[in-house]
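Straight run, no breaks: the sequence shown in our numbering ends on number 1140. Notes follow once the structure below has been shown.
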Amino acid sequence: MSTDINTPLTLPCGITLPNRIAKSAMTEGLAHPLYSDPNEALIQLYKRWGEGGLGMCITGNAFIDKRYREAPRTMLLDESADLEKFKKLARAISAQGTISIVQLSHSGRQTPVSVNTKALAPSAVRVQLPGGSRLLSTLLIARPVEMTREDVLDVADRFAASAKLAVEAGFHGVQLHAAHGYLLAQFLSPRTNQRTDEWGGSLENRKRFLFLTLEKTRAAMGGKGVLGIKINSADFQRGGFTTKIVWRY
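What follows is the structure in structure tokens.
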């Protein structure tokens, strides 16, 4: 197998990248301030990246639920989205042959109060901002509420529904954001997942939500396209998950 970054690479799903250069997801903060759709500034940004000769381009966060986002001006890909805007974004990325991927996210307990005063989370464990100020954390970050089983299943369904919309919009696939402390990562970490039911406790239980979401998402995509996961090697938190644990996922 060639390791030259300029040679094509065929993924297990059958999609071939024209080369091995990929742009990872980065939060842009450029979506429409009211509707959270890709606006012209965002589309032009990705058009330029697409024209730069990338093999794969992964968008920044596209949230699956408007109630739980990291910031107001992030993309929202749910049933309320203007799919024509997302189609335009997909075309802008792929016009020169770049493979286009949407990163799907749910902020969980990292939801700011500017978006919602309450946040869904595996357990009611508050975010502690750097510096150790509990007051600042309380003022800026929503209060986490432990998810019910119905909440867990609903969120998995929302990831799947958003993935289906992404494929309909013309993207080549999606990436599930299970890193950087977002909801999927919160379930994986024993620091933020303190449940004692089927969704917490053992490693097998903590990863159950992620694997359920993967299963539902793949089914919604019809078994076609790229389905990836972004996951940290460790969360670098005392009592969190380590590299050794991640290898077991």
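All C-beta atoms in this analysis are idealised placements derived from N, C-alpha and C, irrespective of residue type, glycine included. What you are looking at is a predicted structure, and each value in this text was computed from that prediction instead of being measured.
Where does residue i land, buried or exposed, given buried means 16+ other C-beta within 10 angstroms?
i	result
residue 894	exposed
residue 1030	exposed
residue 991	buried
residue 1009	exposed
residue 1025	exposed
residue 939	exposed
residue 1002	buried
residue 961	buried
What residue does the beta strand (DSSP E) around residue i start on, and which one ends it?
i	result
residue 1065	1064–1069
residue 941	First-last for residue 941: 931–942, but that is the alpha helix (DSSP H), not the beta strand (DSSP E).
residue 1037	1034–1037
residue 995	990–996
residue 952	947–954
residue 1055	No beta strand (DSSP E) contains residue 1055, which is instead part of the alpha helix (DSSP H) from 1040–1059.
residue 1009	1009–1012
Is the CB-CB distance between residue i and residue j below 8 Å?
i	j	result
residue 930	residue 910	no
residue 1067	residue 1120	yes
residue 913	residue 945	yes
residue 937	residue 980	yes
residue 1054	residue 995	yes
residue 1101	residue 1069	yes
residue 923	residue 955	no
residue 953	residue 974	no
residue 1108	residue 1118	yes
residue 1060	residue 978	yes
Comparing alpha-carbon positions, which option in the options lies nearest residue i?
i	options	result
residue 964	903, 918, 970 and 1101	918
residue 1048	1124, 920 and 1112	1112
residue 947	953, 958, 961 and 984	984
residue 993	951, 941 and 1107	951
residue 1018	920, 1106 and 1071	1071
residue 1103	972, 943, 1040 and 1124	1040
residue 1106	970, 935 and 1046	1046
residue 920	970, 1124 and 966	966
residue 958	970, 1007, 1022 and 1114	1007
Leaving out the 5 sequence neighbours to the left and right, which residues in its chain are closer than 6 Å to residue i when beta-carbon positions are compared?
i	result
residue 907	899 and 901
residue 976	928 and 929
residue 1020	1027 and 1028
residue 1122	1069 and 1070
What residues in its chain sit with their C-beta under 8 Å from that of residue i, if we drop five residues either side in the sequence?
i	result
residue 1116	904, 906, 1058, 1062, 1063, 1064 and 1065
residue 1012	999, 1000, 1035, 1036, 1037, 1038, 1074, 1077 and 1083
residue 1085	1013, 1014, 1016 and 1091
residue 1110	1051
Just checking: is the beta-carbon of residue i within a distance shorter than 8 Å of some beta-carbon in chain D?
i	result
residue 944	Within the model displayed, chain D is absent; a lone protein chain is all it includes.
For the alpha helix (DSSP H) that contains residue i, what are its first and last residues?
i	result
residue 1115	Here residue 1115 belongs to no alpha helix (DSSP H), and DSSP marks it neither H nor E.
residue 984	974–985
residue 925	Neither: residue 925 is in no alpha helix (DSSP H) and is coded neither H nor E.
So, at 7 Å on beta carbons, what are the nonlocal neighbours of residue i in its own chain, with the 5 sequence-adjacent residues on each side left out?
i	result
residue 1096	1089 and 1090
residue 1005	963
residue 941	948, 983, 984, 985, 986, 987 and 989
residue 972	928 and 1056
residue 1099	1089 and 1090
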